[in-house]
Amino acid sequence: QQKTLVVPTLGGVWEQYWRSTVGPAFTKQTGAAVTLDVGNGRVWGANLRAAGAAKPPYSMVMTNEVFASGLRKEGFFEKLDLTKLSNYNDLYPLAKKTDGWGAIGAVSPIGIGYRTDLVKTKPKSWKDLWNNPEFKGKIGLYNFANSAGKMELLLFSKIFGKDQYDVDAGFAALQKLGSVIQVDFNMSTGLASGEIVVAPFDFGEIARLRRQGLPVDCVIPEEGMFMFDQTINILANAPEKELAYQYANFLLSPEVQGMMMKEFFISPTNSKVVVPADLKVDVPVSGADMDKILTWDWNFVNEKQGELAERWAKTIK
Amino acid sequence: MSKPFFTVYCLIIYAFLLAPIAVVVIASFNAGAFLTFPPQGLSFRWYLVFFNNEVFMRAIRTSLWIATLTMVISGIIGTMAAMFYVTHAGKLKETVRVAMLAPLLLPEVLTAISLLFFVYSVGLGTQNLVGMIVGHVLITLPFVFINVSASMESYDPAWSLAAQSLGAGRFTRFRRIMLPLIKPGVIGGCLFAFIISFDVFTISFMLKGVGMSTLPIQLFDYLRTNFTPEAAAVSTCSIVLTMAVVVISEKVLGLRIHRF
Amino acid sequence: MIVPPRKRFEPLLLIAPAAILLGVFLVLPYLNIVVMSFRMPGQGTPYGPGFTLGNYGKFFSDFFYVQQVINTLWIGFLTTFICLVLGYPVALQLARGASAFRALGYALVLSPLLVGIVIRSYGWTILLGNNGIINRTLTGWGLIDGPLPLMYNALGIIIALVHVFLPFMILPIMSAIQGIDPSLEAAARSLGASKVTSFRRITLPLSLPGIQAGCILVFVLSLSAYVTPSLIGGLRVKTMAVTVVDALIDTFQWPFGSALALMLSVTGAIFVVIFGRLTVMKWKA
Amino acid sequence: MTEVSIEKLTKDYGQGPAVNSISIRIAEGEFISLLGPSGCGKTTTLKMIAGFEDATAGAIRFDGRDVVHVPVEKRDIGMVFQNYALFPHMTVEKNLAFGLEMRKLPKDEIRTRIAKVLDMVQLTGYSERYPRQLSGGQQQRVALARALVIEPKILLLDEPLANLDAKLREEMRVFIRDLQRRVGITTVYVTHDQAEAMTMSDRVVVMFGGRIAQIGTPSDIYERPANLEVAEFVGQVNIIRGKVGNRVVSTAFGDVPVNGDFADGAELMLALRPEAVELLPINSGATGAPAKVLSSYYSGSLVDYRLELATGAVVNVQTFPRTRFADGDQVLVHAPADRFWPLGTVA
Amino acid sequence: MTEVSIEKLTKDYGQGPAVNSISIRIAEGEFISLLGPSGCGKTTTLKMIAGFEDATAGAIRFDGRDVVHVPVEKRDIGMVFQNYALFPHMTVEKNLAFGLEMRKLPKDEIRTRIAKVLDMVQLTGYSERYPRQLSGGQQQRVALARALVIEPKILLLDEPLANLDAKLREEMRVFIRDLQRRVGITTVYVTHDQAEAMTMSDRVVVMFGGRIAQIGTPSDIYERPANLEVAEFVGQVNIIRGKVGNRVVSTAFGDVPVNGDFADGAELMLALRPEAVELLPINSGATGAPAKVLSSYYSGSLVDYRLELATGAVVNVQTFPRTRFADGDQVLVHAPADRFWPLGTVA
Ligand SMILES: Nc1ncnc2c1ncn2[C@@H]1O[C@H](COP(=O)(O)OP(=O)(O)OP(=O)(O)O)[C@@H](O)[C@H]1O
Ligand SMILES: Nc1ncnc2c1ncn2[C@@H]1O[C@H](COP(=O)(O)OP(=O)(O)OP(=O)(O)O)[C@@H](O)[C@H]1O
Ligand SMILES: NCCCCNCCCN
Ligand SMILES: [Mg+2]
Ligand SMILES: [Mg+2]
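Now the structure itself:
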């Protein structure tokens, strides 16, 4: 009897690609069927918590580290059995920062995206958001609910204060920024319509907008980038644990990482993948540059989540 | 109010109702790659993309099916509750009303989460559609209830009594006398139930079965990462579809009864 | 009164399905939530061990949240009032007007509901945005210098809410007006009332059940609306529902989120009851 | 005080004319009744005068002025609707106050006027009730009071007493008539009750099938009905046949002299009202034709008999129950010659 | 065929009893009328028998069986509502078919029965109309037809003819009575019209203020009314005063012998119906008391006079208009001694 693996995945282009390419390739390799469950970290987290750690509906999840770290703390995941993940060793150090509990399967670096036609002076530094009067009232920021929003706070804390923990400085900076357009997701429509002319943007998204003909570009700011990460985790009581490991290893393989790079312009986390010259513009970060991506103390954020969210809400205008 | 002024006033409101939708419809014919306005040239290209997108087609079918089921269940339960409320509730009237409105008064997210935990705790889980349909029924029930009870306020109980005196039992009285005479409220309530179920997001998002999807979820997930006019094309088609349901119900069932 | 047992019992069958549905799938699940609202906040988990009143204390002691309740109620009142003013004439026209356009009018009235909220908000952005059609047109005609702030504020939220909630106002009023015997207006006219007066003193009060239903629906819906305020309001105007959603599914503060949500619901229920009391129709049995 | 004139008024609801080219001229302060069988167009006529229904053709003038463009509320009418049309959301008092408030009367006067009219319709103590808490007849009285209390120029009453008992009806008639005379209100009174039309009206309009059959004073209508239909509608009639000879018709009742050009030997139909016939015991020795009692109908103050004459003809007779006859009794019938009127010859 | 018995039935809407402990026993196939002034509780009683209103106290039995537990639709009643309660969304035909369909009659029979009853109520040709397209009287006839066409065991009629003219009403009475007799339907007929109650009923129940004042046959009620109130309600009465002396009361009409224990010298009130009085020309030479005509009211078949007697007392008299007197005329009045009945002494 054929085994079935429930594969949680993001929607839209991700779902399409998983349906058309990733799923079938995995089936071909392992003979197991794939059921895609489209969603995001919030809903998978809610489902897992409702079901309880003992009877999870999934065998693995790939989601933002900020969600994953919370679930991990609550005991849903197991420490990875590295013997079953032959590709783990080839990952960049950035992708292995969870002490063997998870492995980052996809990285979308975030820099500053902007409209080349609506902005005269191109941004170079995050500080330009404060300093360039052209941006006033047309700056987009992710809200705090989005993991990017949390990173915005930590980044600004770091830039304007002592370190990522100096959130007083971060909030003070946000206060000074004045009125911004907050989005929960989908910064692109605002950018396309010109309501937003500059915002934190992941490079893959900018690449796709540019390929579709929108006059946009994106810079790596002087102070550094952050990223949308997607950490692969295996459920401690996974109904299909073997398949889950096979699938995790499959995702981390150079082949699949390369495919995702071509499709979504992510930065591959497997160091064996080389970005070809014609993709350099769309995938500007790879190799040694991967270490320039800033990472954060999610435990700090998770523990102070309520307080930070409230301060954010009180600060942003 | 003079008649022309009144007509113009209504036309302006209709225009207001239509405006953002018109924008979406126009955007769906965009030949360019973005949801931009005004569109860069006109074409049906995104409709073709949409029709060939099995994922969306499946989501639409799922949504239609769930909306229909929800409408029927909510319609029946809500109408019965409204009948109780108007004619039998007595001193409990205010209580019944607030209770029936509770699903609206309670934030949808919280209802979704509590229901999610509940279905898992009773072993139903989200492997099937029970949780989601229950959620849809909960959310749509107040709309049926409110519409039906408002239209029953002008129902003369003597009509039921007359039918009763002629030998009609409970169900016949309802089907042949009351239902036709409160039709606008029932149809209005059921249309609301259908449309809202077709459109409800949070409940579906939390309670959807593993591996399935409704149109709003599909659109939401799609729009997180895609910005093409395909979404507008999908929406336009769903407008046309639901409009058809509305116009057909008006034509077939008639939303007005001539009492006087 | 000599009421036979059967008669006392039978009407209960009408409410039974709703009572069971609400009892099993709303009340029972919510018991959990009520308990949740008294739990300790978690440290990196949804909730911690032990119980507290602190979640409610936080709500009442921080003006930030009280202010949100005020904002939310204010937006709710305005939205309801505007819906009533805009919707009533349309309801009247649908109920009493020529039949030729009724199907079309009906479909138009429902049309705001037919577009998913995200797409609808996109439509509003195109119309109301700083760079939107309205601002561009007005600037183009030289009527204004800079863009009018139509969006990312309470005005934008109210415009969008009024738009999507109008159907909930119009339909109940329409069916209430249909139930009014036109000979009552004739009687008023015969007693010397002008068209306007007979509308004001006869049709309007007799359509009160519809108005009441519509207002309650719109008010309650605007209290709990969160997608429109977050997309159109640009998250600048803080409303309770948005904060509740943030707390519950975005930042996993279940105890505080539950407390907030219950406060929101209780506030809504109180206003529904008050509104019911204010509009009580004594002429009814 | 208003003169109302109706000219060639017609109304067609789409199934043929409900009111068919009627013309009436109602003098200032006149009390006129529309009398006719159910469905003959009385309500429709009233509604056109009030302005609730547009006429299909014809004109309505108040004091010579065409009122097509005068809105209902400017016509200063008081109307009682056949189905009452009480405002369900107002108490009895509020219903009555409505028209007075429209006339901007001071609060005090409104209160006293309402108290007075409530007393007249015998509903003092009911002022705080809602219409649904009243019996049918009580509702009808409120409807009547609501129209009368405003003391309008024109009063349009559509069967305003149909649900009242004889005693109350009698009192209401007097009340209406007094007010109408005192204020000089031009009144159109719709009724199906010929006795009511007769006792109250200056003139009666008899309608059939949307047309006017006769307009005249009550005694005109009763004693000189325009045709058999009118005669039968406003009371009972017996048709008596007889042969003409020598300007006299010989009938079962004896010889009746007739005016009019009837050829000798022609068979003539004469009309005779049941109450014009006297009924006497067979052995009373009086003159009269013998007859047999077929059946009798007792209605309290009156008895209706069906009698068979010697000729086999059946006649109805109405008498007071001073002397009662049983079915099968032989009696004598007699009718004064001047109570017969000719209806025409038998074809 | 059902016997209906009501025991101590009471209904209180909250403002004091509308029906106050009434008991009636209606025999199988009996035709009984509830007669009484507006608001006396007729409709309420009917609704309790039908099962539409719960009684506050008391019992209703059909054939000895308490019907509290029998749902209305199982009681096999036919009811005409005072306000008709026609189904507004159904044509006349559909309204009539409804009850027959409930009885699962074959389509053919339904069609023929409807055609027949429509013919009886004279509405053939109106079957496709909606109620709103009918006149008041037409609606009432549909309501009547709808209740009759099912030929129920019990018929409850609430003022079913109030909006019909005399002729039609007469025909409807015959129609109802015929059907009722033929099928043997136990019937409760509510009316405010005493003549109607008298002519149609086996027995009449007179109600006042929620209580039964008298139950009896029509002539019982009219000729031996239980009290002045009943007497006045079912017809007009004159109160004539006189001094008792020698078992005789001397009145303005002359001496009237009385039965009963009245002390000599007591002042007694006697009742006399207006139609019992004969009116004669002053110079007719007959015996009688002289009187003066104050006013007269002409109602077609009858004339009502108000007369002033020599004593100053005012009496009402009803006569046929064979001889007419003008206001102010001097006349002679006479009434047979056996038409007076004593009401009691003056306090
Ligand atoms: N729903 C009600 N609430 C309160 N009082 C009522 C209600 N219905 C009737 N009544 C009162 O009860 C009394 C009896 O009413 P009912 O309708 O039985 O009178 P009725 O004899 O049928 O009079 P009518 O001849 O005028 O129709 C009246 O005084 C009426 O005002
Ligand atoms: N709205 C309508 N549509 C069609 N026909 C109508 C309408 N109203 C009345 N009629 C018809 O017009 C005719 C006259 O109606 P009207 O109401 O004037 O009669 P009426 O004399 O008042 O009778 P009644 O004594 O029964 O009240 C009737 O045959 C009736 O069926
Ligand atoms: N599309 C508008 C309908 C939204 C219904 N939401 C219900 C909210 C319950 N709290
Ligand atoms: Mg009429
Ligand atoms: Mg009654």
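Chains as they are written, first to last, in the working numbering: chain Y, 1 to 317; chain V, 1 to 260; chain X, 1 to 285; chain S, 1 to 347; chain A, 1 to 347.
All C-beta atoms, glycine included, are put in the ideal place defined by N, C-alpha and C.
The model shown is predicted, which means the values in this text are computed figures rather than measured ones.
Under the 8 Å criterion on CB atoms, X:PHE25 is classed as interfacial with respect to chain V. Look at A:ASN163: its C-beta is not under 8 Å from any C-beta on chain V. If the five residues before and after A:GLU53 are omitted, its C-beta is found closer than 8 Å to the C-beta atoms of LYS11, THR44, LYS47, all from its own chain and listed in chain order. Selection S:ALA226, S:ARG75, S:ASN163 evaluated against S:GLY344 yields S:ALA226 as nearest (Cα-Cα).
For Y:THR189, the residues of chain X that pass the 9 Å Cβ criterion are TYR122, THR125, in the order they occur in the chain. Secondary structure at Y:TYR17: helix, using DSSP grouped into helix, strand and coil. Your pair S:TYR84 and S:GLN140 checks out as a contact, with CB atoms roughly 6 Å apart and the cut at 8 Å. The beta-carbon separation of A:LEU148 and A:GLY78, rounded to 6 Å, stays under the 8 Å limit for a contact. Under DSSP, S:ARG241 takes part in a beta bridge, and its partners are S:MET269.
Under the three-pair Cβ rule at 8 Å, the stretch 219 to 235 of chain X does not count as touching the stretch 129 to 137 of chain S.
Counting only Cβ-Cβ distances below 9 Å, S:PHE87 has contacts in chain X at LEU184, ALA187, ALA188, ARG201, ILE202, PRO205, LEU206, TRP283, in chain order. S:GLN138 and S:ALA326 have their C-alpha atoms spaced approximately 41 Å apart. The Cβ of X:ILE157 sits no closer than 8 Å to any Cβ of chain V. In the structure shown, S:GLN122 adopts coil according to DSSP, grouped into three states.
Nearest to X:VAL272 by alpha-carbon distance, out of X:ALA261, X:LEU223, X:GLY97, X:GLY142, is X:LEU223. Residues of the stretch 39 to 54 of chain V that bring their beta carbon within less than 7 Å of a beta carbon in chain A are absent altogether. Within the stretch 22 to 43 of chain S, those residues whose Cβ lies closer than 7 Å to any Cβ of chain A are, in chain order, PRO37, SER38, GLY39, THR43. Screening all residues for a C-beta within a distance smaller than 5 Å of any heavy atom in ligand 1 leaves S:GLN133, S:LEU134, S:SER135, S:GLY136, S:GLY137, A:TYR13, A:ALA18, A:SER38, A:GLY39, A:CYS40, A:GLY41, A:LYS42, A:THR43, A:THR44, in chain order.
Per DSSP, the continuous beta strand (DSSP E) segment holding A:HIS334 begins and ends at 330 to 334. For A:LEU270, the closest C-alpha among the options A:ALA289, A:SER250, A:ASN283 is that of A:SER250. Residues of the stretch 230 to 246 of chain A that bring their beta carbon within less than 9 Å of a beta carbon in chain S comprise GLU232, PHE233, VAL234, GLY235, GLN236, in sequence order. With the criterion set as a beta carbon lying under 9 Å from some beta carbon of chain V, the stretch 49 to 69 of chain X has no members that meet it. A heavy atom of ligand 2 is found nearer than 7 Å to the CB of S:HIS192. In terms of Cα proximity to Y:LYS73, the closest of Y:ALA53, Y:LEU85, Y:SER86, Y:SER59 is Y:ALA53.
Within the stretch 57 to 109 of chain A, the complete alpha helix (DSSP H) runs of at least 4 residues fall at 92 to 102. An exposed status is given to X:MET281, since fewer than 16 other beta-carbon atoms sit within 10 Å of its beta-carbon. Rounded to the nearest angstrom, the Cβ distance from A:THR2 to A:LYS153 is 5 Å, consistent with a contact under 8 Å.
According to DSSP, residue pairing for Y:MET62 in a beta bridge involves Y:ILE232.
Listed along chain S, the residues sitting closer than 7 Å to A:LEU168 by beta-carbon distance are PRO37, SER38. In the three-state reduction of the DSSP assignment, Y:ASP202 falls in the strand class, which pools E and B. Within 7 Å of the C-beta of V:ASP156 there is not a single heavy atom belonging to ligand 5.
Burial is judged here by how many other beta carbons sit within 10 angstroms of a residue's own beta carbon; A:TYR13 has fewer than 16 and is exposed.
For S:SER301, there is no enclosing beta strand (DSSP E), as DSSP marks it with neither H nor E. Contact annotation: in the stretch 32 to 54 of chain Y, residues whose CB is within less than 9 Å of a CB in chain X are ARG42, VAL43, GLY45, ALA46, ARG49.
Excluding five sequence positions before and after A:TYR189, the CB atoms of its chain that fall closer than 6 Å to its own CB belong to SER33, LEU157, given in chain order.
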